[in-house]
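Colleague: First, the structure itself, so that you have it in front of you.
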Amino acid sequence: MIEVKKKESETTAGLMRRFSQRVKLSGNLSKVRSHRFKTRPKSELKKKEDALKREAYRKKTELLRKLGKID
59 MIEVKKKESE TTAGLMRRFS QRVKLSGNLS KVRSHRFKTR PKSELKKKED
109 ALKREAYRKK TELLRKLGKI D
């Protein structure tokens, strides 16, 4: 829980600015926003297809590195 107390010579706008900054730095807001929408888990077939695509891309880049076409 985030708690901010008003200082003696602080304006309400300053207090709100300081509170907003603390909320941002805590990361709570980003966590809540990430849980806003539920995503479906990937199917086994989709996982396998993605893994094969990654492997093919890895082999292609490795070959291009050996040929000196990319760094």
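For what it's worth, our numbering labels the leading residue of the sequence shown as 59, then goes sequentially.
C-beta atoms are modelled at their ideal positions from N, C-alpha and C, and glycine is treated no differently.
Output yes or no for whether 7 Å exceeds the beta carbon distance between residue 73 and residue 82.
Modeller: No, they are not a contact pair.
Colleague: Helix, strand or coil for residue 101, going by three-state DSSP, please let me know.
Modeller: Residue 101: coil per DSSP, three-state reduction.
Colleague: Can you check which of these residues, 62, 127 and 121, is closest to residue 78 by C-alpha distance?
Modeller: Here the closest residue by C-alpha is 62.
Colleague: If you measure between the beta carbons of residue 76 and residue 60, is that distance less than 7 Å?
Modeller: No, they are not a contact pair.
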